[in-house]
Every structure is written in structure tokens, then in C-alpha cells.
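> I am attaching a structure below and will ask some questions about it afterwards.
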Amino acid sequence: MKKTATKTETVDKKIKAIVDKYKGDKTALIAVLQDIQDACRYLPKDALTYVAEKLAVPVSRIYEVATFYNAFSLKPQGKHLIEVCAGTACHVKGGFNLLEKLERELDIACGDTTKDELFTLEQVRCLGCCSLAPVVRIGGNIHAFLTQDEIPKVLKTYKEM
Amino acid sequence: MSKINTREALDKAAKKGLSTLIPAKIKITVGMSTSGIASGAQGVYDALAAEIKKRKLSILLTKTGSMGMDCMEPLIDVMAPGKPRLSYAMVTAAKVPQLMDEIAKGTLEPIRPFYRTDGEQSLITGEKIKFVKGALPKELKEIPEINEVPFYKKQIKIATRNCGIIDPENIDEYIARGGYSALAKALTQKPDKLIDDVIASGLRGRGGGGFPTGVKWRSCREAEGDIKYVICNGDEGDPGAYMDRSVMEGDPHSVLEGMIIGAYAVGAHEGFIYVRNEYPLAVANLSKAIEQARANGFLGKNIFGSGFDFDIRIAKGAGAFVCGESTALMASLEGKAGEPRAKYIHTVEHGLWNRPSNLNNVETWANVPVVIARGGKWFAGIGSKESTGTKVFSLVGNVKNVGLVEVPMGIPLKEIVNDIGGGIPGGRKFKAVQTGGPSGGCIPAKLGSLPVTYDELSKAGSMMGSGGMIVMDDKTCMVDIARYFIEFLESESCGKCVPCREGVKRMRDILEDICKGKGKEGDVELLQSMSQAIIDGSLCALGGSAPNPVLSTIKYFRDEYDAHIKEKRCPAGVCKPLITYSVLKDKCTGCMRCAKVCPTKAATGEKKKTHKINKKLCIKCGACLEACKFGAIKVE
Ligand SMILES: Cc1cc2nc3c(=O)[nH]c(=O)nc-3n(C[C@H](O)[C@H](O)[C@H](O)COP(=O)(O)O)c2cc1C
Ligand code: SF4
Ligand code: FES
Chain A
43 MKKTATKTET
53 VDKKIKAIVD
63 KYKGDKTALI
73 AVLQDIQDAC
83 RYLPKDALTY
93 VAEKLAVPVS
103 RIYEVATFYN
113 AFSLKPQGKH
123 LIEVCAGTAC
133 HVKGGFNLLE
143 KLERELDIAC
153 GDTTKDELFT
163 LEQVRCLGCC
173 SLAPVVRIGG
183 NIHAFLTQDE
193 IPKVLKTYKE
203 M
Chain B
379 MSKINTREAL
389 DKAAKKGLST
399 LIPAKIKITV
409 GMSTSGIASG
419 AQGVYDALAA
429 EIKKRKLSIL
439 LTKTGSMGMD
449 CMEPLIDVMA
459 PGKPRLSYAM
469 VTAAKVPQLM
479 DEIAKGTLEP
489 IRPFYRTDGE
499 QSLITGEKIK
509 FVKGALPKEL
519 KEIPEINEVP
529 FYKKQIKIAT
539 RNCGIIDPEN
549 IDEYIARGGY
559 SALAKALTQK
569 PDKLIDDVIA
579 SGLRGRGGGG
589 FPTGVKWRSC
599 REAEGDIKYV
609 ICNGDEGDPG
619 AYMDRSVMEG
629 DPHSVLEGMI
639 IGAYAVGAHE
649 GFIYVRNEYP
659 LAVANLSKAI
669 EQARANGFLG
679 KNIFGSGFDF
689 DIRIAKGAGA
699 FVCGESTALM
709 ASLEGKAGEP
719 RAKYIHTVEH
729 GLWNRPSNLN
739 NVETWANVPV
749 VIARGGKWFA
759 GIGSKESTGT
769 KVFSLVGNVK
779 NVGLVEVPMG
789 IPLKEIVNDI
799 GGGIPGGRKF
809 KAVQTGGPSG
819 GCIPAKLGSL
829 PVTYDELSKA
839 GSMMGSGGMI
849 VMDDKTCMVD
859 IARYFIEFLE
869 SESCGKCVPC
879 REGVKRMRDI
889 LEDICKGKGK
899 EGDVELLQSM
909 SQAIIDGSLC
919 ALGGSAPNPV
929 LSTIKYFRDE
939 YDAHIKEKRC
949 PAGVCKPLIT
959 YSVLKDKCTG
969 CMRCAKVCPT
979 KAATGEKKKT
989 HKINKKLCIK
999 CGACLEACKF
1009 GAIKVE
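Protein chains in written order, with the numbering used here: chain A, 43 to 203; chain B, 379 to 1014.
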């Protein structure tokens, strides 16, 4: 009992506020994790133990949920999340070439984060902007009809942010 | 705000809505769906607002959802009293000052409107509104009327009736177009009578399966239990589809009204909308709509003074395709991992928290108010006999007019591609249409006369699905498409059933080998026999329909499989290990663009001399193909 109490104390204020907002509602587990993911850009380990305690759900269940859904990340992510659309419309329009170009430009593989922790590169299944294919979303902003040629310029604007 | 609980109060709100919908002054409306914003609509909106302020003009500036022709975004509408509504395409912030001059002077140059709208009819009330007072000025006659524009001519808008017209954040505008009058009517009727009407309409689920909506409602109504739920499936996992996003963003109240009517019919007092993680604007607009509906008394206690209580909550998905499946979605709503369960336990009896639950797709719900307002018989008169009404498609891929289209069921496939879609761009050949997402299949161009109905699409080896329609030209490799979908399904399988988890993985290995030129004779037959095992041994439709993209491409494009396996050749020029890049001597002008963009320096050459591509260095990234303005890069 004492042990968890100290854990509770060390956990980030931000996370405390998020979890407490849900008042121990077990069914809100996914929403709680989403809020933590939004705030921290990943799910820190101590946050998950805190959630387990406050919602009274086993940690194993939390890990099951955290690993089942694509929206959650257990590793810290870069400042800017790059999501390359791999939906059908973007695939037909050569979206896979954009992913390869980004991998070369950033020198990382899909799913990884750059050493300077600026960018995380991911693939996503359709951003719902199929009329603008091929599409890449960076930090929530949609880049429409993107070409390989434009990528260095686009990355530069985010580097300077 | 006072609650609306009488017809008079509803009429009053409608009047208020009309005063901004068709105001007594000039109005400019900007299409601000997610794709509109991504195309620069926010900048256009801000520029318009600044210009209106600077010039001290009395102009009403509003926002709306998708206007349909999304490839022409940003789109704006300009409406002056007594004049037709003028729609401008591809407006940029830089063009705004010019456009304002034009509007002030009442001229049509230099930025010509794309089309005009002379009037419209309310789908709910049937009432016609003419925008044009007196004769149409001569110069306006040259601008095509919306019903003459090929993209719009064959469309009938029911589910998207208000998208691109009303301000989704303004409930009064929704009411002005007949909104919530179907609810008022429904609450005076017996639930069973409503269900009869929905059955008579022939409305079938728009989320994929096409199950008769009224029949589902009846089972839920008759299921035992005091607490029941209605759920809206807004997960829209089909990659290449955005119909549901457009409705949730552009007309959220149509979904809410449908759900309230449905809840009353089945006897539910709580509802959930499960929205896809990637759709923040849909969540925002739905949330606002729910608040407004509560404030106006359409949600909450004693709705419309009928004694009926109902409220709705929103849940955000977390990025799992399988959660679009109804039982997985309910598990996810309970805060669990979204694994489907066996179908013999019916969700209408044992659904969310084991209670009777009625789940329908966004578009299905959006159709409901129209069915109730106009009657099931009226609705059944649209479309074909077994597939009534309309279907919304996101027409995307290699087609000229990309956008959101709503067509009567039964329309031949080629009319959607060629007439509405304007055919294939760049002089290429129409090869196939993919419908039904990862559960669907590819329909070849030669079946272009196929009427688009649930049953005809299934017979052709595809399915209606939720409405993604991806057009493919001769530069699309059908083996690669099969590999693409199987890879998608492999990563999205929840892993519960062995045939789906392992079988789909094996199929992916085989298809990958074929695409790499390592295919063997007999691979196609192996894929076919594995497909049968996966279809038979999977719990949910993800596994059960996973082989469809493979089977349909084998059925119609066997020659492409053979070219990959026997000749180690990708006829469409897509599969990288099987293609080479080269320069066409007679087309190359020596402009040096390819050499500049090539990341590995494989493309080289001197100015004004024919360039070369070193095949050993080439990584087939396609950068030169993208950069060349003269069509001098050959891929084969
Ligand atoms: C793997 C899988 C994914 C699905 N995804 C969706 C979806 O994204 N949206 C949807 O409305 N239905 C989806 N469905 C269909 C639903 O299970 C369900 O049939 C439908 O939402 C019922 O609503 P309707 O009768 O109004 O169509 C999916 C089904 C499966 C098997
Ligand atoms: S068929 Fe596939 S996705 Fe469906 S329950 Fe089985 S393993 Fe999961
Ligand atoms: S397929 Fe890329 S946004 Fe839909």
C-alpha cells in the first residue's frame, strides 16, 4: 500500500489531472489513455500504473488495450508526428514513394523517431482526405498532393518551428 | 435558450435559420470540411473576413461542409438577394481582393463562377425555393446551372442533403431545411408504426452488410430488457472512404435526429456515437451539435413534450480497423480491446454491456429523418427494388472529378466513373473500380454496365461496403492491389482466429513473393484454396471477407498474375523488383530536372543532351518520373 502511495506522489501533475477528471470510471479507460497520449505524445510507464490504481483495472488489461490500438505509443515520440497515408486512394497515387523518400530524408525507418527527437515517422490508414491524395499529415496539418520534391522544404518548415 | 416543444416553436426556429440561410443581404459561404481546410479554405475565410471588415461591407460570411466536388476546393458560394447562388472553385486567399471587387460591382470577371444554382427544394418538406427573382440576367445564362454540370446532374442527395449548404454549427439552419420536423412527427406516432415505415422504405444498412434497418430495429424493440442502447458507427475504417466524415462534419444534426427517432422506436434512452480517431473536426462538430440539441430540448428529458428521454455521448476510436465491426465496437465502448465475438449472440439482444443494442452506420442514421418525413413508400420509389434510396460514395483515385457523390441505387457503374467522375485523367485507360474496402473487390472496366446495388456488387465478387469507390487506371497493378489489401488486413486482424491470423499472413507472403518476381506456378491455385479455408474458419467478417480482394483480382486479372509469375514482369509498372526506369530518347529535351531530383545520382546527363539512367544505381523511387515535364521517363 505504501509503495503505491509514493508512486502516486511522483506521477506528473498533468497526468493526475487527466486521470482524476474521469473519477474512477473504468469504462473510460480508452479515453483516459487518449488524453495521456495527447498530453505526453506517448504513454509513460508510471502513468499507466497510476491509471491502473485509480481506475482499479489490472495493469495487464491496460497493456492489452495500449498495445491493441494503433493510436497509443509506449515509446516517447518526436516533437512532430509525421503520418504518411497508406489508404487505398493514396496508395494508388503513389503514397508509398513518399514514405520511402521520408525514410531517406530523415534516415529512419517507418515507426522510428529521429535522434534529435524532432520527428516520428508513421504510416496511417486513410486520413479521410482521399480527394487530396497522396496525403501526409505532420503535427496535425494535412499536406495535400504532396510530391517527393517538396518534402525537404516541408521538413525544413517544421525544423524551424 | 428556451426549449422547442411545439410546432410553433419549431417554425419560429426555422424562420430564424432561413434568415441566415437565404439572407436579405449578400452572403458568402466557404466550404470548410477537413479537406477544404487542407486545401486552404481557412486562409480564404480569413482573407474574406479581413476584406469585408476593411471595406466596411454588410456581407454575411458563413462556413459549410463539403460541397461535393472536393478536387475543386477551396470552394465558395456567393449569394445576393434575388440572384442565383454562384459557386467559385479553387479560390485562393490571394484572389480574394479581386473577388470582392467583382462582388461589389456585380460582374463575373475576372474570376468566373464555376456554376450557378437558381433554386432548391427542401427534401423534408418538398417546398421549393426560388433564388432568382424575375428574369435571369443574360450574362448569368452563360454560367452553367448546377443541374447541367455533369458532376451533379445524376446525383440525388438524401443523406448529404444539407452538406455544403447549411452551417453545421447552426441548428436553426438545419431546422430551416426541415430538420427535427421528422422527430416531431415521429414522437406523435406509435414506435411500431415507425418501424413499419422504416421496413416499408426498404432502407438497408449503409455500413457494409446491407441488413434491413427496420428489421434490426424491430428485433431490438422486441428484445427483453429495460435498458437498451442505440449506437452510431462512425468508425469509417475503409481506407479511401470519407462519406461518413463528411456527414458528421457537414450535417451532424441529421445523424442526431436519426438516432433520436431510432431510440424512440426501439425504446432506448442512451446513445453513443463512436467516431474514428483521425476525425477531430467530426468530433468537434458533433459535440457542438449535441450541446445545441440539448439546449433546444431535442436531447435530454421530455423531448418535444412527449415524455420521452434520450441523450447521446461521443466516444473516440483509437485506431483499429476491426473496431468498425459491430461487436468489436461495443467491446471498445466498454473500454476493452476491440475483439469481435461470435455472431450467433445477437447484439440486438445482448450488445453493449450485454444489453439490447441497435447499431447503425452514420449514413443509415442520416437517412432516417427523410424516411419518416416523406414516408417509407416515397423512399422505396427511389433506387432499385431490392436496394432502395441512394448511396453516398467517395469517388477517388484515378478519376478526373474526385469528390463526394450521392447517387440513386441501381445506377450503372460506368455512369459514376465516366459521367459524374469525368473519366480517367491524363489520357489513361479505365481499368477497374475497387468497392467495399478491404472486404470488397475490384470490378473490371468491362463490367461497367453493372447496376450499383447490394446484390449485383456481391455477385460480381465485390460488395457495396461503406462507400469507398477507388478508380484505377492502367498504371495500377492488380497484384499489388491484392497484396496491399492483404497486408492491410494482416496488420488489422485482431488475432483471435487462427485462419485469419496465420492464413492471411501466409497469403501476404505468397503475394509479396509474386510481386518480387519470386512467384511459382501453382501460387494462384494455392491462394484460391487458402482463401476458402480462411472464409470458412473466421469468426468475423474481417477474416471472412479478407480473401475477396485476392479472389476478385484473380478472377478478372489472371493475366497480370501470370505475367508476374511466368514472365517476371509487372505490366502496370508498379512492382519495384520487376521494373526498370529508362529515358525515352525522342522525348528527352535535356532539361536536367531528373538529374537534379534523383537521390542516388542514377539519372545523369548534360544540358540539352539526352539523359541516361544507370540501372545499377536506380532505386526506382519515381522522383524523375514525377519531375519530368516531357513524359520522357519510361517505366516497364
Ligand atoms: C472488419 C469490419 C469493419 C467494419 N467497419 C465498419 C465501419 O467502419 N463503419 C461501419 O459503419 N460499419 C463497419 N462494419 C460493419 C458493421 O459491423 C455493421 O454491420 C454496420 O455498422 C451496421 O450498420 P448498418 O446496418 O447501418 O450498416 C465493419 C465490419 C467489419 C467486419
Ligand atoms: S476473423 Fe480475424 S479479425 Fe475477425 S475475430 Fe477472427 S482473428 Fe479477429
Ligand atoms: S486514402 Fe489517403 S486520405 Fe484516404
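Ideal placement from N, C-alpha and C gives every residue a C-beta, glycine not left out. Here the structure is a predicted model, which is why all the values come from computation and not from measurement.
#1: Quick one: grab the DSSP three-state call for Glu-870 of chain B.
#2: Is there a Cβ from chain B that is less than 8 Å from the Cβ of Leu-94 of chain A?
#3: Give me the Cβ distance between Ile-1011 of chain B and Cys-1002 of chain B, rounded to the nearest whole Å; I'm assuming they're in contact under 8 Å.
#4: Beta-carbon within less than 7 Å of Tyr-105 of chain A's beta-carbon, same chain only, minus the 5 sequence neighbours each way: which residues are those?
#5: Write down every uninterrupted run of the beta strand (DSSP E) in the segment 576-653 of chain B whose length is 3 residues or greater and which is fully enclosed by it, in chain order.
#6: Please name the residue in B:Arg-596, B:Ala-838, B:Thr-831, B:Arg-806 whose C-alpha comes closest to that of Gly-819 of chain B.
#7: Which of the residues in the segment 986-1004 of chain B, read from start to end, lie with their CB under 7 Å from any CB of chain A?
#8: Check whether the Cβ of Leu-486 of chain B sits closer than 7 Å to any heavy atom of ligand 1, and report yes or no.
#9: Please list, in chain order, the chain E residues whose beta carbon lies closer than 7 Å to that of Tyr-200 of chain A.
#10: Rounded to a whole number of angstroms, what is the C-alpha to C-alpha distance between Lys-55 of chain A and Gln-79 of chain A?
#11: What residues from the segment 153-171 of chain A come within 8 Å of chain B, judged by C-beta to C-beta, listed N to C?
#12: By how many angstroms is the C-alpha of Gln-906 of chain B removed from the C-alpha of Gly-636 of chain B?
#13: Nearest chain A C-beta to Cys-449 of chain B closer than 8 Å, yes or no?
#14: Any heavy atom of ligand 5 within a distance shorter than 7 Å of the CB on Arg-879 of chain B?
#15: Could you check which residue in A:Phe-187, A:Val-126, A:Gly-181, A:Arg-146 has the C-alpha nearest to that of Leu-160 of chain A?
#16: Does the Cβ of Cys-132 of chain A lie closer than 7 Å to at least one heavy atom of ligand 2?
#17: If we ignore side chains and look at the alpha-carbon of each, how far apart do Gly-443 of chain B and Cys-972 of chain B end up?
#18: Return helix, strand or coil for Thr-48 of chain A, following the three-state DSSP convention.
#19: Taking just the CA atoms, how far does Tyr-84 of chain A sit from Ser-115 of chain A?
#20: Would you say Arg-1034 of chain B lies against chain A (beta-carbon separation less than 8 Å)?
#21: Taking Cβ-Cβ distances below 9 Å as the criterion, which residues of the segment 755-781 of chain B are in contact with chain A?
#22: Hey, out of B:Ser-411, B:Gly-557, B:Asn-548, B:Lys-483, whose CA is closest to Val-748 of chain B's CA?
#23: I'd like to know whether the C-beta atoms of Val-857 of chain B and Thr-958 of chain B end up nearer to each other than 8 Å.
#24: Give the secondary structure of Asn-674 of chain B by DSSP, where H, G and I count as helix, E and B as strand, and everything else as coil.
#25: Would you be able to state if there are at least three C-beta pairs under 8 Å between the segment 796-814 of chain B and the segment 848-856 of chain B?
#26: On the CB-based measure, 16 or more other CB atoms within 10 Å of its CB, does Ala-47 of chain A come out buried or exposed?
#27: Quick check on the DSSP output: the beta strand (DSSP E) that includes Ser-960 of chain B runs from which residue to which?
#28: What residue range is occupied by the uninterrupted beta strand (DSSP E) comprising Phe-114 of chain A?
#29: I need the straight-line Cα distance from Gln-420 of chain B to Asp-455 of chain B, nearest angstrom please.
#30: Please classify Asp-887 of chain B as buried or exposed, where buried requires at least 16 other C-beta atoms within 10 Å of its C-beta.
#31: Of all the CB atoms in chain B, is at least one closer than 8 Å to the CB of His-133 of chain A?
#32: On the premise that Gly-649 of chain B lies in contact with Lys-381 of chain B, defined as a C-beta separation below 8 Å, what is that separation, rounded to the nearest angstrom?
#33: Would a check of beta-carbon distances place Thr-189 of chain A closer than 8 Å to chain B?
#34: Given that a residue counts as buried once 16 or more other Cβ atoms are within 10 Å of its Cβ, and exposed if not, what is Thr-470 of chain B?
#35: Under 6 Å Cβ to Cβ from Val-53 of chain A, same chain only, skipping five residues before and after it: list those, please.
#36: Along the segment 649-672 of chain B, what residues have a CB closer than 7 Å to any CB found in chain A?
In brief:
#1: helix
#2: One detail in the question is off: residue 94 of chain A reads as Ala in this sequence, not Leu. Taking Cβ atoms only, chain B never reaches closer than 8 Å to Ala-94 of chain A, which makes this a no.
#3: About 5 Å separates the beta carbons of Ile-1011 of chain B and Cys-1002 of chain B, which is inside the 8 Å limit, making them a contact pair.
#4: none
#5: 607-612, 648-653
#6: B:Ala-838
#7: Cys-999, Gly-1000, Ala-1001, Glu-1004
#8: no
#9: Within the model displayed, chain E is absent; protein chains A and B are what it includes.
#10: 15 Å
#11: Val-166, Arg-167, Cys-168, Leu-169, Gly-170, Cys-171
#12: 42 Å
#13: At least one chain A Cβ lies under 8 Å of Cys-449 of chain B.
#14: Of the ligands one can find in the structure shown, namely ligand 1, ligand 2 and ligand 3, none is ligand 5.
#15: A:Gly-181
#16: no
#17: 40 Å
#18: With a pLDDT of 44 at Thr-48 of chain A, under the threshold of 50, the modelled position of this residue cannot be trusted; read the value that follows with caution. Correct three-state label for Thr-48 of chain A: helix.
#19: Between Ser-115 of chain A and Tyr-84 of chain A, the C-alpha separation is close to 5 Å.
#20: With chain B covering 379 to 1014 only, the question about residue 1034 of chain B has no answer from this structure.
#21: Ser-772, Leu-773, Val-774, Gly-775, Asn-776, Val-780, Gly-781
#22: B:Gly-557
#23: At least 8 Å separates the beta-carbon of Val-857 of chain B from that of Thr-958 of chain B.
#24: coil
#25: Touching, yes.
#26: Its pLDDT being 44, under 50, Ala-47 of chain A is placed unreliably by the model, and nothing is read from it.
#27: 959-961
#28: Run containing Phe-114 of chain A: none; DSSP gives neither H nor E here.
#29: 15 Å
#30: exposed
#31: By this cut-off, His-133 of chain A is an interface position.
#32: Contact flag wrong, Cβ pair sits at about 19 Å.
#33: Chain B contact via Cβ: present.
#34: exposed
#35: Once the five neighbours on either side are set aside, the close Cβ partners of Val-53 of chain A are Asp-88, Tyr-92.
#36: Result list: Asn-655, Glu-656, Tyr-657.
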